[in-house]
Amino acid sequence: MELLRVDPLTAARRLLGAVLTCRGVSATVVEVEAYGGPPDGPWPDAAAHSYRGPGPRNQVMFGPAGRLYTYRSHGIHVCANVACADDGVAAAVLLRAAVIESGHDVVQRRRGEAVRESAFARGPGNLCAALGITMADNGIDVFAEDSPVHLRLGEAQPCIAGPRVGVSKAADRPWRLWLAGRPEVSAYRRSPRAPAPGGSD
DNA sequence: ACGAAGATGGAG
DNA sequence: TCCATCTTCGTT
21 MELLRVDPLT AARRLLGAVL TCRGVSATVV EVEAYGGPPD GPWPDAAAHS
71 YRGPGPRNQV MFGPAGRLYT YRSHGIHVCA NVACADDGVA AAVLLRAAVI
121 ESGHDVVQRR RGEAVRESAF ARGPGNLCAA LGITMADNGI DVFAEDSPVH
171 LRLGEAQPCI AGPRVGVSKA ADRPWRLWLA GRPEVSAYRR SPRAPAPGGS
221 D
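Laid out in structure tokens, this is it:
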């Protein structure tokens, strides 16, 4: 996908407003985080899974743009990224929150009756739970017509940037982007292990 | 081989 | 603030 063959921050901007369709649900992406870049290149990112080189878990980050990179977080949750940049360059954009456009009944069933609509896909783990994305989806091309997880890019939209959530390295780098005025965007929580704000980054 | 930390989320 | 749960990684 040509539009995502760019650095992760630019790709993140292009993914805001994109429509994700998967297993009976479609949703508009409203919050993302950029990750990656070569460790010795112009975009070194100590918080990225790719920072210490390719391995079984993160190999999709090193592949072509437009592939889904899923990983398990804390042994419990599934989180999803879209790989970006050129083939061979490790970079990806984490999908952090979305607005459900259709399939509300399906999402309510998946997330539980007590969950409110604004929290349906708030947070990367909840987003995957709502859309039915699992670890079996790792590596699929989200721009292929017959893909079970499909993405359609939208129009460029004005967005706000701030520090990434939950990372202890490069904690102040403003690589989290979101659309203004959206209640579905997750709350900012700094990692308790991150050094004091304003430290080296 | 062992232990700590982790791109989280929900409860207290 | 704490904990569930398990994989990955750094250290012994």
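Residue numbers (this note's numbering): 21 to 221.
Note that CB positions come from ideal geometry on N, CA and C, so glycine has one too.
Small disclaimer: the values here were computed from a predicted structure and weren't measured.
C-alpha gap between residue i and residue j, whole angstroms
i	j	result
Leu23	Arg34	8 Å
Val126	Ala176	29 Å
Ala56	Gly123	What sits at residue 56 in the sequence shown is Gly, not Ala. Roughly 33 Å separates the two Cα atoms.
Ser211	Pro194	14 Å
Glu137	Val169	21 Å
Leu173	Ala200	18 Å
Gly159	Asn78	10 Å
Leu115	Pro62	23 Å
Cys99	Gly218	28 Å
Val187	Ala112	15 Å
Pro1	Arg209	The structure shown does not extend to residue 1, since the chain is modelled only from 21 through 221, so no value can be given for it.
Selection from the options that minimises the alpha carbon distance to residue i
i	options	result
Leu36	Ser188, Met21, Asn158 and Pro178	Pro178
Leu29	Arg130, Ala216, Ala150 and Trp198	Trp198
Leu88	Thr154, Ile180 and Pro183	Thr154
Ala216	Asp192, Tyr71 and Tyr208	Asp192
Met21	Tyr208, Gly182 and Ala164	Ala164
Lys189	Asp27, Tyr71, Ala105 and Val102	Tyr71
Gly108	Arg196, Arg213, Arg202 and Val26	Val26
Residues near residue i by beta carbon distance below 8 Å, same chain, minus five either side
i	result
Glu121	Val39, Ser46, Ala47 and Thr48
Pro58	Pro64, Val109 and Ala110
Residues of its chain near residue i, where Cβ-Cβ distance is below 6 Å and the 5 sequence neighbours each way are ignored
i	result
Ala139	none
Arg43	Gly152
His233	Past the boundaries of the shown model lies residue 233; the chain is included only from 21 to 221, so the question cannot be answered.
Pro74	Phe82
Pro84	Asp107
Own chain, CB closer than 7 Å to residue i, minus 5 neighbours either side, in chain order
i	result
Ala117	Val50, Glu51, Ala141, Arg142, Gly143, Leu147, Glu204, Val205 and Ser206
Residues bridged to residue i (per DSSP)
i	result
Trp198	Glu51 and Ile180
Pro119	At residue 119 the sequence reads Val, which differs from the Pro that was named. Answer is Thr48, bridged to Val119.
Ser93	His97
Leu114	Glu53 and Asn101
Asp192	Note: Asp192 sits in no beta bridge, so no partner.
Per-residue burial, residue i [other beta carbons within 10 Å of its own, 16 or more giving buried]
i	result
His94	exposed
Glu53	buried
Asp9	The structure shown does not extend to residue 9, since the chain is modelled only from 21 through 221, so no value can be given for it.
Asp161	buried
Cβ-heavy atom distance, residue i to the ligand ADP, below 7 Å
i	result
Pro64	Of the ligands one can find in the structure shown there are none, so the ligand ADP has no counterpart to examine.
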